[in-house]
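Each residue of the sequence shown is one higher than the one before, starting from 916 at the first, in the working numbering. Note that CB positions come from ideal geometry on N, CA and C, so glycine has one too. These figures come from a predicted structure and were not determined experimentally.
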Amino acid sequence: MTRDQIFEFFRRLAEENPAPETELEYGNAFQLVVAVALSAQATDVGVNKATRALFAKIRTPQEMLDLGEEGLKAHIKTIGLFNSKAKNVIALSRLLVDEYGGEVPDTREDLVRLPGVGRKTANVVLNCWFGQETFAVDTHIFRVGNRTGLAKGKTPDQVEAKLEKRVPQPFRLHAHHWLILHGRYVCKARTPECWRCPVVDLCSYRKKVLQAPGGGKQSG
Ligand code: SF4
């Protein structure tokens, strides 16, 4: 994609959804860290279902420690990998209390020290809470970046580096949300819905699905 095409790509996604937000529910930075840590290999809807009751009473790392690992497990047992996630959330709460005065740090370097928090999670927190222009490459962004030609790469880090380089202002702050939503609802993994895609003419994917299944032939 050329620079002009990339600008137009985001202009159209932005036009459809001017102020996109994460679909995870949270009330403060700590709850966001916990929600993102719980969301690995789980849907946002599933995480929200589990965290609604949890976050109504647990707002700080100290409150999480007081709840304890078993208490936390009881809240999140509907989420995949809940045993190891509970362990991580308790451990990261301990670190936040012991070394950060119970506050969530605002640098990637510090965030990735937290158990269960990788580069992607750190980028989500930096973007959604601290308003930094980061690109948290999840499975949707990885797919959309590669299919469209916007940011091709063999690994999430490569795609992130391309996005860093290519996404123009004024779209950098919200770019990762637009790409996630686009991947989740239009450029879907199994069957991309190219027939209703707002950026179909800018996308370089060779196997575009230009008619809805059942609506006739598919074309590339
Ligand atoms: S045209 Fe199809 S493959 Fe390209 S971005 Fe749109 S939905 Fe995805």
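Straight-line gap, tryptophan 1093 to alanine 1037 (C-alpha atoms, nearest Å): Taking the straight line joining both Cα atoms gives about 18 Å.
Cβ-Cβ distance between arginine 1081 and leucine 1065 below 8 Å: Cβ atoms of arginine 1081 and leucine 1065: closer than 8 Å.
Chain-ordered list of residues that sit, by beta carbon, closer than 6 Å to a heavy atom of the ligand SF4: Taking each Cβ in turn, the ones that pass are Arg1062, Thr1063, Val1101, Cys1102, Pro1107, Glu1108, Cys1109, Cys1112, Val1114, Val1115, Cys1118, Tyr1120 and Lys1123.
Length of the line joining the Cα atoms of alanine 952 and tryptophan 1110: Spanning the two alpha carbons is a distance of roughly 35 Å.
Proximity winner among Asn932, Ile991 and Pro933, relative to valine 960 (alpha-carbon distances): Here the closest residue by C-alpha is Ile991.
Cβ-Cβ separation, valine 1074 to valine 1052 (assumed contact under 8 Å), whole Å: Distance from valine 1052 to valine 1074 at the Cβ level is roughly 5 Å; contact confirmed, criterion being Cβ atoms closer than 8 Å.
DSSP state of histidine 1089 mapped onto helix, strand, coil: Histidine 1089 sits in coil when the DSSP states are folded into three classes, being neither helix nor strand.
Three or more C-beta pairs below 8 Å linking the stretch 925–938 and the stretch 1016–1034: Pairwise C-beta distances place the stretch 925–938 out of contact with the stretch 1016–1034, as fewer than three of them are shorter than 8 Å.
Per-residue burial, serine 999 [other beta carbons within 10 Å of its own, 16 or more giving buried]: Exposed: under 16 other Cβ atoms inside 10 Å.
Cα-Cα separation, arginine 1121 to arginine 1058: Straight-line Cα distance between these residues: approximately 14 Å.
Span separating the alpha-carbon of valine 1138 from that of proline 1085: What is shown of the chain runs 916 to 1135, which leaves residue 1138 out entirely.
Classification of threonine 917 by the beta-carbon crowding that lies within 10 angstroms, buried from 16 upward: Looking at its Cβ environment, which holds fewer than 16 other Cβ atoms inside 10 Å, threonine 917 is exposed.
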